[in-house]
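Participant: Sharing a structure, written as structure tokens. Questions coming.
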Amino acid sequence: MEIKQALINASNNLKQNNIENPIQKSKILLSSIMKVKKEYLIIHDKDELEENILNEYQKGILELISGKPLQYITNNQEFMKMNFYVDERVLIPRQDTEILVEEAIKECKLNAEKKYKILDLCTGSGAIGISLAKIIKKSEVLCVDISNDALEVAKKNAIQNEVKNIKFCKSDLFSNINEKFDIIVSNPPYIKEEVIKNLDKEVQNEPEIALNGGKDGLRYYKEIIKVAHKFLNKNGKIFLEIGYDQKNDVIELLKNNSVYKNIECIKDLYGNDRVIKTM
Ligand code: GLN
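Taking the numbering used here as reference, the numbering of the sequence shown is continuous, increasing by one, and the terminal residue is 279.
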């Protein structure tokens with residue numbers, strides 16, 4: 001079968017099964033299997049596909065129809081213009097999270113001479129910590145997660161992105177941490193438990209441990225806010241990603257503890273409240 005026909009069949013099949021962005025997904029999947037850029041498919045659209053490629057493509061299309069996220073099939077998600085390996089062991093990094101990284105970068109640029117010590121709590125794939133380590137070359141980053149599976153993926157991503165100023169540690173939030181940092185960043189699980197079952201099929205294929213923020217979605221913010229200030233150096237800053245409707249709740253948690261000052265909320269590109277900055 002020619003490339004062009006395979007793409008048409010695949011995107012029709014995805015569309016009939018109500019999969020969003022069928023054309024884009026069918027192109028990304030085929031180019032990933034063929035290990036070529038998407039443009040190659042257009043230039044070579046009359047080429048015959050080898051049998052094994054076609055079989056793998058059809059298998060991937062069926063996986064997409066079953067609700068498996070494209071990124072778990074291609075094992076890739078771009079984040080901060082870097083490529084991250086992802087599979088079922090970790091949350092797929094979201095574009096919205098780039099705003100958290102950008103805010104932390106702004107902070108580090110205030111003093112170009114300083115060797116910032118950065119902590120990434122609930123690192124998952126390592127997307128936040130690794131991109132900070134890559135961009136802020138002078139920094140020293142510690143990425144922690146409670147999940148050994150996630151830490152394996154994060155370490156693989158540090159190697160893939162050639163980042164060396166980084167360390168990893170298994171820790172339930174701060175439980176195994178005994179040093180102080182200039183910057184603490186976190187995108188903790190923040191979805192309300194009862195909402196998870198109503199999310200898209202694709203999201204339900206992501207690790208529940210990376211989504212579930214307890215009954216009120218605030219479980220990890222409460223735990224982080226209780227002690228985070230003790231792990232900050234003088235003038236240190238905290239950056240937390242939040243859900244679009246969690247601004248007031250998280251600000252209230254911070255205000256209940258009088259040590260947190262200069263609380264700010266930063267919106268994402270869609271205009272949703274996305275990051276809380278403090279200290
Ligand atoms: N820190 C990772 C990310 O933002 C994982 C977050 C999580 O698992 N909740 O992509």
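Here a beta-carbon is modelled for each residue, glycine too, at the ideal position from N, C-alpha and C.
These figures come from a predicted structure and were not determined experimentally.
#1: Look up Lys-155 in the DSSP assignment and say whether it is helix, strand or coil.
#2: Sort out for me which residues DSSP pairs Met-82 with in a bridge.
#3: Among Leu-62, Leu-30 and Glu-63, which one has its Cα closest to the Cα of Glu-48?
#4: The ligand GLN heavy atoms versus the CB of Pro-188: any closer than 7 Å?
#5: Can you check the segment 102–126 for any beta strand (DSSP E) of at least 3 residues that lies completely inside it and give the ranges in chain order?
#6: Would Pro-189 pass as a contact of Tyr-221 if the rule is Cβ separation under 8 Å?
#7: Could you round the C-beta distance between Ile-99 and Asp-245 to whole angstroms and report it? I think they count as a contact, below 8 Å.
#8: When the Cβ atoms of the segment 99–118 are set against those of the segment 170–185, are three or more pairs found closer than 8 Å?
#9: Assign Gly-213 to buried or exposed, taking buried as 16 or more other Cβ atoms, counted over all protein chains shown, within 10 Å of its Cβ.
#10: Kindly indicate which three-state DSSP category Asn-161 falls into: helix, strand or coil?
#11: Closest by CA to Ala-112, which one among Ile-135, Gly-129, Asp-249 and Ile-130?
#12: Residues in its own chain within less than 8 Å of Lys-261 by CB, not counting five upstream and five downstream?
#13: Check whether the Cβ atoms of Gly-124 and Ala-210 sit closer than 8 Å, and answer yes or no.
#14: Are the segment 151–167 and the segment 43–62 touching by the rule of at least three beta carbon pairs closer than 8 Å?
Facilitator: Quick answer:
#1: Here residue 155 refers to the residue found at position 155 when the sequence shown is read from its first residue. The answer is helix: DSSP assigns Lys-155 an H, G or I state.
#2: In the sequence shown, the residue the question calls residue 82 occupies position 82. Met-82 pairs with Phe-79.
#3: Indexing the sequence shown from 1 puts residue 48 at position 48. Here the closest residue by C-alpha is Leu-30.
#4: The sequence position of residue 188 within the sequence shown is 188, counting from 1. Yes, Cβ of Pro-188 sits closer than 7 Å to a heavy atom of the ligand GLN.
#5: 117–121
#6: For this step, residue 189 is matched to residue 189 along the sequence shown. For this step, residue 221 is matched to residue 221 along the sequence shown. No, the pair does not count as a contact, with Cβ atoms beyond the cut-off.
#7: Numbered from its first residue, the sequence shown carries residue 99 at position 99. Numbered from its first residue, the sequence shown carries residue 245 at position 245. Between Asp-245 and Ile-99 the Cβ distance is about 17 Å, and since that is not below 8 Å, they are no contact.
#8: yes
#9: Residue 213 sits at position 213 when you count from the first residue of the sequence shown. When all chains shown are included, Gly-213 counts as buried.
#10: Numbered from 1 along the sequence shown, position 161 holds the residue referred to as residue 161. In the structure shown, Asn-161 sits in coil (DSSP, three-state: anything other than H, G, I, E or B).
#11: Counting from one through the sequence shown, the residue named residue 112 turns up at place 112. Selected option, being the one with the closest Cα: Ile-135.
#12: Residue mapping note: residue 261 aligns to position 261 of the sequence shown, counting from 1. Within the same chain, Lys-261 has close Cβ partners Thr-278 and Met-279.
#13: Here residue 124 refers to the residue found at position 124 of the sequence shown. Here residue 210 refers to the residue found at position 210 of the sequence shown. Their beta carbons are under 8 Å apart, which means Gly-124 touches Ala-210 by this criterion.
#14: no
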